[in-house]
Amino acid sequence: MSRSVTVAVVYVMCVTSLSWRDALKAVRGARNVANPNVGFLRQLQDFESERLTEERRRLKAKYHNLTLEDEDEQMAKQFLASYYHSLSVGEMCEGNCPPGVACPRGLCHQPR
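Each residue of the sequence shown is one higher than the one before, starting from 199 at the first, in the working numbering.
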């Protein structure tokens, strides 16, 4: 699931103004078990710092007639709000549950 989550995060980054961290949270707002491995997280960070601006520009030039940009941004922000709501009510964690505490996603403390 790491690779497909990473592709979804890159898409969200490219069609919205979200950073890789917020795009990942938005994806987790839609699917709380989304959990790319450390290598993919590093690639997301590299993509944001090295290629994201260029890719956003390329997509806008190629698909300038599409008017989904506002809808994509709104949907991503709704999923981001869902993530923060789930976090606030204890249905979600940020991947750093302390030892001995049950992880609401069931992902913390599992070997990678």
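Glycine residues also receive a C-beta, built at the ideal position from the N, C-alpha and C atoms.
Inter-residue Cα distance where the pair is residue i and residue j
i, j, result
"D220", "V287", "19 Å"
"N294", "T214", "27 Å"
"P297", "C306", "9 Å"
"H283", "W218", "19 Å"
"L250", "Q243", "10 Å"
"R229", "A259", "31 Å"
"Y261", "E267", "10 Å"
Under 8 Å between C-beta atoms of residue i and residue j
i, j, result
"V207", "V225", "yes"
"M211", "E246", "yes"
"N235", "S200", "yes"
Residue i in three-state terms, based on DSSP
i, result
"V210", "helix"
"M273", "helix"
"R254", "helix"
"G227", "helix"
"G312", "With the chain covering only 199 through 310, there is no way to say anything about residue 312."
"L222", "helix"
Close Cβ partners of residue i (< 6 Å) along its chain, the five nearest in sequence each way excluded
i, result
"S280", "G227"
"E311", "The displayed coordinates of the chain run from 199 to 310. Any statement about residue 311 would go beyond what the structure contains."
"A232", "V203, V225, R226"
Residues near residue i in its chain [Cβ-Cβ closer than 8 Å; skip 5 each side]
i, result
"M290", "R226, N230, Y281, S284, P302, R303"
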